[in-house]
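So this is what it looks like as structure tokens:
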């Protein structure tokens, strides 16, 4: 098991970033004396040669898209005679089904579980239960992964920068009812040691990165931890910028910290606005109301950064009027360039364990095991029809105006005037963020 490539770590998709999950697994295994090989099937074809050498294939599935790709990798790995383990957030959510149909083992985000699995297989015994909540101590190892130039870049002011992808924490202390993190972490979050985070940043900057994208579910779950990392990041690399994901609720609660984060290099914030319908926000237990969104936007802009909202327009509680309202809000607040078109098409996913299943209404249908989600149907057929039309339009490269026209047509209101493009350069990553 300790021979070169006898363990193969496969990343399937991490939003176009060089994968933190796979790099963390590789780092932990190397620290324990193993010599894993790595593949990222989001940028390269799965190598038959790598599969033929592997006795154990570890498949990283931090999100739904990765899981759907991962089961295909598992099928090929098992055909090659390897043992298969899934790991990551969506592995933990779908553990029973994955064990039954697709893999031999399932782990969460704790890399200690993967090390124990490798040792157990090497010694011919069953893996021991891992102690939950252990902190990551091994620095992610990235040498076996494709270079940063193969991944999403920061696009800003007419130039592109290579991006370092880093996690300063895992889990989340909030209990948003639609969030896939909640069934696994149940309101806990675990800070990654500062020295581990900064060592990971350092190796990626040495590889050419000039921007850091923090992948934490919420960068301000631990404000003191986040601020320390931001300060040292700026002190050591003053020309390196960064972005982070922060809840609307936290932007308002910790508004006094935002100017310092911007001074430390934060150029944009991704924030899950989701909807401007308070009924939807209450059903999701988002922790903010629609009226809070322009307040948070003002906090970020006054500090000198940009807000990039993410959306969840299609839920069982949405009304057909909601989507035109989102387009109107984007125009009225100069956010057209800050919201990727795919955001206007996103539909609620209901993975196993979702808190929304506890009091689901008549909209809930059956569980689709192959798609790893519960199906649901809106009571207003116009909402589901608009979703289907919007998805199809984005597949055809539709932009803001085309999607807005579909929403106006669904509401039977006159089409809005086409939007003139803002002259501001809004920083963005070249691959959109979504769950």
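Residue numbers (my numbering): 2 to 436.
We put the beta carbon where it would ideally sit given N, CA and C, even for glycine.
Cβ-heavy atom distance, residue i to the ligand COA, below 7 Å
i          : result
residue 21 : Although the ligand COA was asked about, the structure shown includes no ligands whatsoever.
Best match in the options for proximity to residue i [C-alpha to C-alpha]
i           : options               : result
residue 252 : 82, 264, 70 and 304   : 304
residue 14  : 298, 49, 70 and 331   : 70
residue 196 : 184, 230 and 214      : 230
residue 237 : 266, 259 and 248      : 266
residue 214 : 94, 168, 255 and 346  : 168
residue 87  : 106, 76 and 78        : 106
residue 296 : 282, 268, 254 and 321 : 254
residue 154 : 16, 33 and 340        : 16
residue 402 : 419, 268, 414 and 271 : 419
residue 40  : 145, 91 and 31        : 145
residue 62  : 48, 33, 310 and 93    : 93
residue 185 : 194, 127, 73 and 89   : 89
residue 357 : 309, 281, 325 and 20  : 281
residue 42  : 242, 151 and 412      : 151
residue 149 : 190, 114, 204 and 160 : 204
residue 32  : 20, 128 and 140       : 140
residue 5   : 26, 55, 80 and 21     : 55
Local Cβ density within 10 Å of residue i, reported as buried at 16 or more and exposed below that
i           : result
residue 201 : buried
residue 278 : buried
residue 431 : exposed
residue 423 : exposed
residue 50  : exposed
residue 378 : exposed
residue 421 : exposed
residue 134 : Its pLDDT being 49, under 50, residue 134 is placed unreliably in this model, and the value from its coordinates should be taken loosely. Its Cβ having fewer than 16 others within 10 Å, residue 134 is exposed.
residue 53  : exposed
residue 363 : exposed
Under 8 Å between C-beta atoms of residue i and residue j
i           : j           : result
residue 116 : residue 210 : no
residue 427 : residue 338 : yes
residue 223 : residue 192 : yes
residue 247 : residue 221 : yes
residue 437 : residue 8   : Only positions 2 to 436 of the chain appear in this structure, which leaves residue 437 out of reach.
residue 18  : residue 166 : yes
residue 345 : residue 391 : yes
residue 294 : residue 343 : no
residue 250 : residue 226 : no
residue 44  : residue 147 : yes
residue 199 : residue 233 : yes
residue 268 : residue 306 : yes
residue 301 : residue 270 : yes
residue 429 : residue 328 : no
residue 99  : residue 77  : no
residue 24  : residue 143 : yes
residue 412 : residue 325 : yes
residue 373 : residue 95  : yes
residue 350 : residue 65  : yes
residue 2   : residue 118 : no
residue 11  : residue 37  : no
residue 67  : residue 91  : yes
residue 310 : residue 263 : no
residue 26  : residue 112 : yes
Proximity test, Cβ basis, 8 Å: residue i and chain B
i           : result
residue 395 : Looking for chain B here will not work: only one protein chain is present.
Simplified DSSP assignment, three categories, for residue i
i           : result
residue 455 : Outside the shown range of the chain, which is 2 to 436, sits residue 455, and nothing can be said about it.
residue 322 : coil
residue 134 : Low local confidence applies: a pLDDT of 49 at residue 134 is under 50, so the model's placement there is unreliable, with the coordinate-based value given in what follows. Here residue 134 sits in coil by DSSP.
residue 49  : helix
residue 401 : helix
residue 359 : helix
residue 251 : helix
residue 220 : coil
residue 164 : strand
residue 281 : helix
residue 214 : strand
residue 5   : coil
Taking 8 Å as the cut-off, does the stretch 384-395 touch the stretch 312-330 (at least 3 CB pairs, one atom from each stretch)?
Taking a cut-off of 8 Å for Cβ pairs, the stretch 312-330 and the stretch 384-395 touch, as three or more such pairs fall below it.
Any contact between the stretch 161-176 and the stretch 74-84? By contact I mean 3 or more CB pairs, one from each, below 8 Å.
No contact exists between the stretch 161-176 and the stretch 74-84.
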